[in-house]
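Report on one structure; see the data block that follows.
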Amino acid sequence: MNKTKHNRRLSVLINYASMIIILVLFYIVRMGILKTVFLAFEVIPLIAVILSFRHAFVKTGIWKMTHASFKKLDEREVQVVFKATSISYSLFAIAILVIIYIFILSGLGQIDALLAVSLLYFAHILPASIIAWNEKN
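All residue numbers for the sequence shown refer to our numbering, where the first residue is 670 and numbers rise by one.
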């Protein structure tokens, strides 16, 4: 595996791990396990999300490719984006079902704004993540 692909994969992992840390810390504070002051520490994973997003998706051009009109892409790019979007749709549907079941079974209550925004972000980066993970260049 070349260094570029390895770095992209690492950035994708950091991006997802940072989002999970933000959500876990928020819900730990919400359940009263930690004091509200610990929410200030969410700045650290938020910075990691921003930097890893920039490195994995913006600098590589993957974000632009996944959000471009199909008319502006060549045949190979259309196939890559279509495949990534198809896979990400399935993964997203499964993730949503798991999250809904977790909320129902654990008694966490309703899905709040932070989780909704996180899921929206997840839906947008998932096709780009699949491309960043699988493509050589």
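We put the CB at the ideal spot given by N, CA and C, even for glycine.
Burial state of residue i, where buried means 16 or more other Cβ atoms lie within 10 Å
i       : result
Ile-771 : exposed
Ile-702 : exposed
Val-727 : exposed
Ile-691 : buried
Phe-791 : buried
Phe-722 : buried
Val-693 : exposed
Ala-709 : exposed
Val-718 : buried
Thr-735 : buried
Ala-762 : exposed
Ala-753 : buried
Among the options, nearest to residue i - alpha-carbon criterion
i       : options                               : result
Val-780 : Pro-796, Leu-774 and Ile-769          : Note that residue 780 corresponds to Ile in the displayed sequence, not to Val. Taking only the C-alpha atoms, the option nearest Ile-780 is Ile-769.
Ser-680 : Val-747, Ile-800 and Leu-720          : Leu-720
Ile-756 : Leu-783, Lys-740, Asn-803 and Ala-686 : Asn-803
Asn-676 : Ser-759, Ala-725 and Val-767          : Ala-725
Phe-695 : Leu-742, Phe-751 and Leu-777          : Leu-777
Ala-764 : Lys-674, Leu-789, Phe-707 and Ile-716 : Leu-789
The alpha helix (DSSP H) enclosing residue i, as first and last residue numbers
i       : result
Gln-748 : 744-775
Met-734 : 731-735
Leu-703 : Taken as a continuous stretch (DSSP letters only), Leu-703 belongs to no alpha helix (DSSP H), as it is neither H nor E.
Phe-791 : 782-803
Val-718 : 712-722
Inter-residue CB distance, residue i and residue j (contact presumed, cutoff 8 angstroms)
i       : j       : result
Met-811 : Ser-787 : The chain is shown only over 670 to 806; residue 811 falls outside these bounds and no answer can be derived.
Ile-683 : Val-749 : So it is not a contact: roughly 23 angstroms between Cβ atoms.
Met-698 : Thr-705 : Strictly speaking, residue 698 in this sequence is Val, with Met absent from that position. Their Cβ separation, rounded to whole angstroms, is 6 angstroms, which keeps Val-698 and Thr-705 in contact under 8 angstroms.
CB contact check: residue i to chain B, cutoff 7 angstroms
i       : result
Glu-804 : The chain inventory of the structure shown lacks chain B, comprising one protein chain alone.
Is there contact here, the stretch 714-731 with the stretch 787-800, by at least three beta-carbon pairs under 8 angstroms? yes
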